[in-house]
Amino acid sequence: MFKALHASHNGCLYIVDLNGTETIAHLVRNTDLESLSSSDGQIDFWFTPSTRPNHHRVNMPATEIFAAYTEFEARDIPLLRGNIVITAHDKPTGAPAGLTAAQLKALADARPRGRRGRRLTRRCIRDLRRQRLAAQARHEEAREQWLYGHADRSTGPQ
């Protein structure tokens, strides 16, 4: 068992005990795991490329931690979505490893600074706004179909 950081889709960070990639798959709620590494190769970010509804919203804490540990420009940082598990990286085997207490504290406090942080925040807000507008449009379309059926919408109710 080793310690890892679970950045939940609800925006909270949890310290969890893991047994391996099976436990990571359980936390991200999918068996299709992908990972990204920090610039120095010491930290791994585990996630799923799923299109489940609870994986659409940007996981802001995980994205901010990823931004703090990589050298991506704010416009190029992948927006991490859904549940993210953050582990250390075992260099010889490439397997996930446990985070030390110092690493856990540093990860919990990690945020991109200055202009880079502001740009990333604006990107996430724009993404959320796009998602809300798309959801509103889907809701309106479903409402119209429910009210008017498949009638010609240009003439209103028949």
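In my numbering, each residue's number is its place in the sequence shown (first place is 1) plus 10. No residue lacks a Cβ here, since even glycine has one placed at the ideal position from N, Cα and C.
Exercise. Below 8 Å between beta carbons: does that hold for residue 87 and residue 73?
Worked result: Taking the first residue of the sequence shown as position 1, residue 87 is located at position 77. Taking the first residue of the sequence shown as position 1, residue 73 is located at position 63. Closer than 8 Å, so yes.
For this session: Let me know if residue 24 comes out buried or exposed under the rule of 16 or more other beta-carbons within 10 Å of its beta-carbon.
Result: Working through the sequence shown from its first residue, we reach residue 24 at position 14. The residue is exposed, with fewer than 16 neighbouring Cβ atoms inside 10 Å.
Exercise. If we ignore side chains and look at the alpha-carbon of each, how far apart do residue 89 and residue 126 end up?
Worked result: Stepping through the sequence shown from its first residue, residue 89 is reached at position 79. Stepping through the sequence shown from its first residue, residue 126 is reached at position 116. Rounded to the nearest angstrom, the gap between the Cα atoms of residue 89 and residue 126 is 14 Å.
Problem set entry | Distance between beta carbons of residue 68 and residue 39, contact taken as under 8 Å | Along the sequence shown, read from residue 1 onward, the residue named residue 39 stands at position 29. Along the sequence shown, read from residue 1 onward, the residue named residue 68 stands at position 58. Here residue 39 is actually not in contact with residue 68; their C-beta atoms are around 17 Å apart, not less than 8 Å.
For this session: Tell me whether residue 154 sits in a helix, a strand or coil according to DSSP, three-state version.
Result: As a first step, residue 154 is located in the sequence shown; it is residue number 144 there, counting from the start. Correct three-state label for residue 154: helix.
Problem set entry | Whole-angstrom distance between residue 152 and residue 99, CA atom to CA atom | By 1-based counting over the sequence shown, the position of residue 99 is 89. By 1-based counting over the sequence shown, the position of residue 152 is 142. One C-alpha to the other measures close to 46 Å.
Problem set entry | residue 16 classed as buried or exposed, judged by whether at least 16 other C-beta atoms fall within 10 angstroms | Along the sequence shown, one-based indexing puts residue 16 at 6. It counts as buried.
For this session: Tell me whether residue 29 is buried or exposed, calling it buried when 16 or more other Cβ atoms sit within 10 Å of its Cβ.
Result: Here residue 29 is taken as the residue at index 19 of the sequence shown, counted from 1. A residue is called buried once 16 or more other Cβ atoms fall within 10 Å of its Cβ, and residue 29, having fewer, is exposed.
For this session: Please determine, among 112, 57, 121, 71, the residue with the shortest C-alpha to C-alpha distance to residue 35.
Result: As a working mapping, residue 35 is identified with position 25 in the sequence shown. The shortest C-alpha separation from residue 35 is found at 57.
Exercise. Less than 8 Å separating the beta-carbons of residue 48 and residue 79?
Worked result: Within the sequence shown, the letter at position 38 stands for residue 48. Within the sequence shown, the letter at position 69 stands for residue 79. Result yes, Cβ atoms of residue 48 and residue 79 sit closer than 8 Å.
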